[in-house]
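**Student:**
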Amino acid sequence: MDKRLLHTPEGVRDIYGSELLLKLKLQQQLLMMLHEYGYQDIETPTIEFFDVFSSRIGTIPSNELYKFFDKEGNTLVLRPDFTPSIARCAAKYYMEDESPLRFCYCGNTFINNSDFQGRLKESTQIGAELINDDSCEADAEIILMMIEALKRAGLEEFQITVGNVEYFKGLCDEYAIEGEAELDLREMISNKNFFGASDIMDALSIPDENKEKILRINDLFGSIEKISLAKKDVRNERSLKALERLQKIYEIIKEKSLEGYLSFDLGVLSKYHYYTGIIVNAFTYGAGDAVIKGGRYDNLLSEFGKKAPAVGFAIVADRLVSVLRKYDHE
966 MDKRLLHTPE
976 GVRDIYGSEL
986 LLKLKLQQQL
996 LMMLHEYGYQ
1006 DIETPTIEFF
1016 DVFSSRIGTI
1026 PSNELYKFFD
1036 KEGNTLVLRP
1046 DFTPSIARCA
1056 AKYYMEDESP
1066 LRFCYCGNTF
1076 INNSDFQGRL
1086 KESTQIGAEL
1096 INDDSCEADA
1106 EIILMMIEAL
1116 KRAGLEEFQI
1126 TVGNVEYFKG
1136 LCDEYAIEGE
1146 AELDLREMIS
1156 NKNFFGASDI
1166 MDALSIPDEN
1176 KEKILRINDL
1186 FGSIEKISLA
1196 KKDVRNERSL
1206 KALERLQKIY
1216 EIIKEKSLEG
1226 YLSFDLGVLS
1236 KYHYYTGIIV
1246 NAFTYGAGDA
1256 VIKGGRYDNL
1266 LSEFGKKAPA
1276 VGFAIVADRL
1286 VSVLRKYDHE
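According to this note's numbering, the residues represented by the sequence shown are 966 to 1295, in order.
1) Helix, strand or coil: how does DSSP classify Ala1141 here?
2) Reducing DSSP to helix, strand and coil, say where Ile980 ends up.
3) Who does Ala1146 pair with in a DSSP beta bridge?
4) So Ile1244 and Val1233 are in contact, right, with Cβ under 8 Å, and what is the actual spacing, rounded?
5) Per DSSP, what are the beta-bridge partners of Ser1228 in this structure?
6) Name the two residues that bound the continuous alpha helix (DSSP H) containing Thr1089.
7) Starting from the C-beta of Leu1194, find all residues in its chain whose C-beta is less than 8 Å away, skip the five residues before and the five after it, and write them out in chain order.
8) If you drop the 5 nearest sequence neighbours on each side, which residues of the same chain put their C-beta closer than 6 Å to that of Ile1302?
9) By how many angstroms is the C-alpha of Pro1274 removed from the C-alpha of Lys1032?
10) Considering only C-alpha positions, which residue in the set Ile1154, Leu999 and Thr1089 is nearest to Ser1235?
11) Using 8 Å for Cβ pairs, my map puts Phe1014 next to Leu1041. What's the rounded Cβ distance?
12) Would you tell me roughly how many angstroms separate the C-alpha atoms of Glu1220 and Cys1101, rounded to the nearest one?
13) Say whether the segment 1084-1102 touches the segment 1280-1289, bearing in mind that this needs 3 or more beta-carbon pairs closer than 8 Å, one atom from each stretch.
14) Verify whether the separation of the beta carbon atoms of Cys1069 and Leu999 is less than 7 Å.
15) Three-state secondary structure (DSSP) at Arg1053?
16) Does the distance from the CB of Asp979 to the CB of Thr1126 come in under 7 Å?
17) Measuring CB to CB, does Phe1123 end up less than 7 Å from Ala1247?
18) Could you tell me the alpha carbon to alpha carbon distance between Ile1217 and Leu1223, rounded to whole angstroms?
19) What separation, rounded to the nearest whole angstrom, lies between the Cα atoms of Glu1061 and Asp1164?
20) Flag this pair as yes or no: are the beta carbons of Phe1269 and Arg1053 separated by less than 7 Å?
21) Hey, is the segment 1136-1143 in contact with the segment 1196-1205, meaning 3+ C-beta pairs nearer than 8 Å?
22) Which one or two residues does DSSP pair with Lys1032 in a beta bridge?
23) Is Ile1171 helix, strand or coil when you go by DSSP?
24) Going by C-alpha distance, which of Phe1160, Asn1077 and Ser1170 is nearest Pro974?
25) Figure out for me which residue from Tyr1250, Lys1291 and Asp1149 has the closest Cα to the Cα of His1238.
26) Based on DSSP bridge pairs, tell me the residues matched to Arg1261.
27) In chain order, what residues of the same chain lie with their CB nearer than 6 Å to the CB of Gly1003, ignoring the 5 residues before and after it?
28) Under the criterion of a Cβ to heavy atom distance below 6 Å, does Ile1218 qualify as lining the ligand NAD?
29) What is the rounded straight-line gap between the Cα of Phe1160 and the Cα of Val1286?
30) Along the chain, where does the beta strand (DSSP E) that runs through Ile1012 open and close?
31) Throw me the rounded Cβ distance for the Gly1242 and Asn1129 pair, which I believe falls under 8 Å.
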């Protein structure tokens, strides 16, 4: 017998025994919690047309998609991200509905990461999307559900970092940084590559004073006081509105006495370019990356023909299970 037949490809794995029991229990608990918040189950296909996740949509790079062809020659992909799929679905079946739509889901995503990154290529996500609501209250609802989800999972020590991509976009507008240059600069800042960011701005002849303001974005991390500090650094209306929105969200969370779980990070810009407002991540001990990711995407549904604001998050179930198992062993 060929022993290679016993092994799985890089980036995927078998889950069984106590780990699988914990994962299934977690999925059940968290979906029940989302139902309590009024979110209804939705299921989209694992296989979608390539265009649902093309670069125009603003999801992951094409070279990280699992692509193949059907018998008619159409390019298909394994779903790498639930949000565009649910946006497509909402546009198709709820085109005329203008009332708030609340959907929740649980399923697997597939991303063809480089092997050296050490990340799973198939992972389970549990998430929620709130469509047709552009309010600060909707943003706060998403954050409150993230906090509740982690507490129900059994965690107490975690942090929700909140940023707003509109702050960065306002600076780019103010300094006439646009198109590919803006996207490249966004990627450099998101990766904390200050040298690369500086080179891009030098090529655009951005004055040193303005360049320093953009590079200081990554220093704007911490408590709500950082938002007040950021206000002193900008004059453009777009950035100021982004900061005011963060302050309003903070006040809503504070009313629930949960502000201790919040921190702010204006340098969080995300590789998902469809985000247009807040970007949220949840971190805890023992996880190398965020256990929950999300944000606001007010333009995504218009790509599918429905103009509607939206906000949501996805819990990376496998990563959260890994953290919970570490706690059990300690």
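Backbone N, C-alpha and C fix where the C-beta goes; we use that ideal spot for every residue, glycine too. No experiment lies behind these values; they were computed from the predicted model shown.
**Tutor:** Based on what the coordinates show:
1) As a position in the sequence shown, residue 1141 is number 176, starting the count at 1. Note: Ala1141 maps to coil in three-state DSSP.
2) To locate residue 980, count along the sequence shown from 1; it is residue 15. Coil.
3) For this step, residue 1146 is matched to residue 181 along the sequence shown. DSSP output for Ala1146 lists no bridge partner at all.
4) Within the sequence shown, numbered from 1, the residue matching residue 1244 stands at position 279. Within the sequence shown, numbered from 1, the residue matching residue 1233 stands at position 268. Correct: roughly 5 Å between the Cβ atoms.
5) For the purposes of this step, residue 1228 is identified with residue 263 of the sequence shown, where counting begins at 1. Answer is Thr1126.
6) The count along the sequence shown starts at 1 and reaches residue 1089 at position 124. Where Thr1089 is concerned, there is no enclosing alpha helix (DSSP H), although the beta strand (DSSP E) it sits in stretches over Glu1087 to Ile1096.
7) To locate residue 1194, count along the sequence shown from 1; it is residue 229. Result list for Leu1194: Leu1185, in chain order.
8) For the chain, the structure presents residues 966 to 1295; residue 1302 sits outside this window and is missing.
9) Looking up residue 1032 in the sequence shown gives position 67. Looking up residue 1274 in the sequence shown gives position 309. Going from the Cα of Lys1032 to the Cα of Pro1274 covers about 29 Å.
10) Along the sequence shown, read from residue 1 onward, the residue named residue 1235 stands at position 270. Closest by alpha carbon: Ile1154.
11) Taking the first residue of the sequence shown as position 1, residue 1014 is located at position 49. Taking the first residue of the sequence shown as position 1, residue 1041 is located at position 76. About 6 Å separates the two Cβ atoms, so the contact holds.
12) Stepping through the sequence shown from its first residue, residue 1220 is reached at position 255. Stepping through the sequence shown from its first residue, residue 1101 is reached at position 136. Rounded to the nearest angstrom, the two C-alpha atoms are 14 Å apart.
13) Between the segment 1084-1102 and the segment 1280-1289, the count of Cβ pairs shorter than 8 Å is three or higher; the stretches touch.
14) For the purposes of this step, residue 1069 is taken as residue 104 along the sequence shown, with counting starting at 1. For the purposes of this step, residue 999 is taken as residue 34 along the sequence shown, with counting starting at 1. Yes, the pair counts as a contact, with Cβ atoms nearer than the cut-off.
15) Mapped onto the sequence shown, residue 1053 falls at position 88. In the structure shown, Arg1053 sits in a helix (DSSP, three-state: H, G or I).
16) Residue mapping note: residue 979 aligns to position 14 of the sequence shown, counting from 1. Residue mapping note: residue 1126 aligns to position 161 of the sequence shown, counting from 1. No, the pair does not count as a contact, with Cβ atoms beyond the cut-off.
17) Position 158 of the sequence shown, counted from the first residue, corresponds to residue 1123. Position 282 of the sequence shown, counted from the first residue, corresponds to residue 1247. For Phe1123 and Ala1247, yes; Cβs fall inside 7 Å.
18) Stepping through the sequence shown from its first residue, residue 1217 is reached at position 252. Stepping through the sequence shown from its first residue, residue 1223 is reached at position 258. Going from the Cα of Ile1217 to the Cα of Leu1223 covers about 9 Å.
19) Translated into the one-based positions of the sequence shown, residue 1061 becomes position 96. Translated into the one-based positions of the sequence shown, residue 1164 becomes position 199. Cα to Cα, the separation comes out at about 46 Å.
20) Translated into the one-based positions of the sequence shown, residue 1269 becomes position 304. Translated into the one-based positions of the sequence shown, residue 1053 becomes position 88. Contact: yes.
21) yes
22) Within the sequence shown, the letter at position 67 stands for residue 1032. According to DSSP, which records beta bridges pairwise, Lys1032 is partnered with Val1042.
23) Walking along the sequence shown from the start, residue 1171 turns up at place 206. The answer is coil: DSSP assigns Ile1171 none of H, G, I, E or B.
24) Stepping through the sequence shown from its first residue, residue 974 is reached at position 9. Of the candidates Phe1160, Asn1077 and Ser1170, the one whose C-alpha sits nearest the C-alpha of Pro974 is Asn1077.
25) Working through the sequence shown from its first residue, we reach residue 1238 at position 273. Nearest C-alpha to His1238: Asp1149.
26) As a working note, residue 1261 is residue 296 in the sequence shown. Paired residue(s): Val1276.
27) Mapped onto the sequence shown, residue 1003 falls at position 38. Excluding residues within five positions, the ones whose Cβ falls inside 6 Å are Arg1067.
28) In the structure shown, the ligand NAD is absent, as is every other ligand, since no ligand is present at all.
29) Working through the sequence shown from its first residue, we reach residue 1160 at position 195. Working through the sequence shown from its first residue, we reach residue 1286 at position 321. Going from the Cα of Phe1160 to the Cα of Val1286 covers about 37 Å.
30) Looking up residue 1012 in the sequence shown gives position 47. Start and end: Ile1012 to Phe1014.
31) Working through the sequence shown from its first residue, we reach residue 1242 at position 277. Working through the sequence shown from its first residue, we reach residue 1129 at position 164. Confirmed, about 6 Å.
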